[in-house]
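Participant:
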Amino acid sequence: MTIEEVIEGFGTEKEKSPEYGTYANELFQEAVRIGMEMNTHYHTPEELRGLMSRLIGKKIDSSFRMFPPFYTDFGKNIEIGEDVFINSGCHFQDQGGIRIGDGTLIGHNVILATINHDLNPKNNRKNHYAPIKIGAHVWIGSNATILPGVTIGDYAVVAAGAVVVRDVPSMTVVGGVPAKVLKVIPQEIPQGYSCLSREQEQVGERKVLHEKAV
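For what it's worth, the working numbering labels the leading residue of the sequence shown as -14, then goes sequentially.
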């Protein structure tokens, strides 16, 4: 039994052998052990890269940076490109597959979920898996949630708190629940360019002033 066979088994309804269940459970428990080691002690950046490499079962580039804690219940179906940064408190549910492109920034408490449950109440323990694919130089803001099957294009921005249920085009800013396109990022970005339009910034400013007044 191999890790690749376990991953392949997530996406099939074929009956699994006892050997499959035993090995899959060993991989789940290994993820828990490495996660506990990562999250409960201080580690240098080099040590964190080593732990993350063990967790995902692949070599990680020396440009990778992260702040723990970090949580995943499997780990072996995550691929991380070069110059990626993951901030603290992120949860990656990766059985369906998570691919992160070069130069991507992931903010605090981001959730990447690759599993759905069946809507039939009598069958809601059945899992449905779909990968999350994140392009190059993407910026995902704090507390965003990316749901199964979503592809995020290169240079896209996901606003803080967004719930992304559909693919995100390259060079766009998306936000909201569910997330929708807020603006297209120009090819030539002016100095001081904001993720939000001036109108949206003014709405936010008025909201803050109102909350302070109340």
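Glycine is no exception: its CB is placed at the ideal position from the N, C-alpha and C atoms.
For a test of the three-state rule: what should DSSP assign to N105, helix, strand or coil?
Facilitator: The answer is coil: DSSP assigns N105 none of H, G, I, E or B.
Participant: How would you write the range of the alpha helix (DSSP H) that E31 sits in, first residue to last?
Facilitator: Its alpha helix (DSSP H) spans residues P30 to I41.
Participant: Check this for me: beta carbons of G88 and V69, under 9 Å apart or not?
Facilitator: Yes, these two residues count as a Cβ contact at 9 Å.
Participant: Looking only at C-alpha atoms, which of S73, F77, E31 and I45 sits nearest to H93?
Facilitator: Checked all of S73, F77, E31 and I45; the closest Cα to H93 is S73.
Participant: So T7 is in the alpha helix (DSSP H); what residue range does that whole segment cover?
Facilitator: Looking at the DSSP string, the run of the alpha helix (DSSP H) that includes T7 is P3 to T25.
Participant: Could you tell me the alpha carbon to alpha carbon distance between I71 and L12, rounded to whole angstroms?
Facilitator: So the two alpha carbons sit approximately 22 Å from each other.
Participant: Under three-state DSSP, which class holds N128?
Facilitator: DSSP places N128 in coil when its eight states are reduced to three.
Participant: From what residue to what residue does the beta strand (DSSP E) around G(-6) run?
Facilitator: It is not in any beta strand (DSSP E) - G(-6) instead sits in the alpha helix (DSSP H) that spans I(-12) to F(-5).
Participant: Name, in chain order, the residues that DSSP records as bridge partners for G160.
Facilitator: BP columns for G160 point to K165.
Participant: Mind checking Y140: buried by the 16 CB within 10 Å criterion, or exposed?
Facilitator: Per the 10 Å Cβ criterion, buried.
Participant: Kindly indicate the opening and closing residues of the beta strand (DSSP E) around Q78.
Facilitator: Taken as a continuous stretch (DSSP letters only), the beta strand (DSSP E) holding Q78 covers C75 to Q78.
Participant: Would you decide whether Q14 is buried or exposed? Buried here means 16 or more other CB atoms lie within 10 Å of its CB.
Facilitator: It counts as exposed.
Participant: Could you spell out the range, first to last residue, of the beta strand (DSSP E) harbouring R84?
Facilitator: Run containing R84: I83 to I85, per the beta strand (DSSP E) assignment.
Participant: State the DSSP-derived secondary structure class of T99, mapped to helix, strand or coil.
Facilitator: Note: T99 maps to coil in three-state DSSP.
Participant: Could you check whether A147 and T130 sit closer than 9 Å to each other, using their CB atoms as the reference points?
Facilitator: In contact: T130 and A147 (Cβ atoms closer than 9 Å).
Participant: Would you kindly work out how many angstroms separate the C-alpha atoms of N24 and G126, rounded to a whole number?
Facilitator: Distance between the alpha carbons of N24 and G126: 22 Å.
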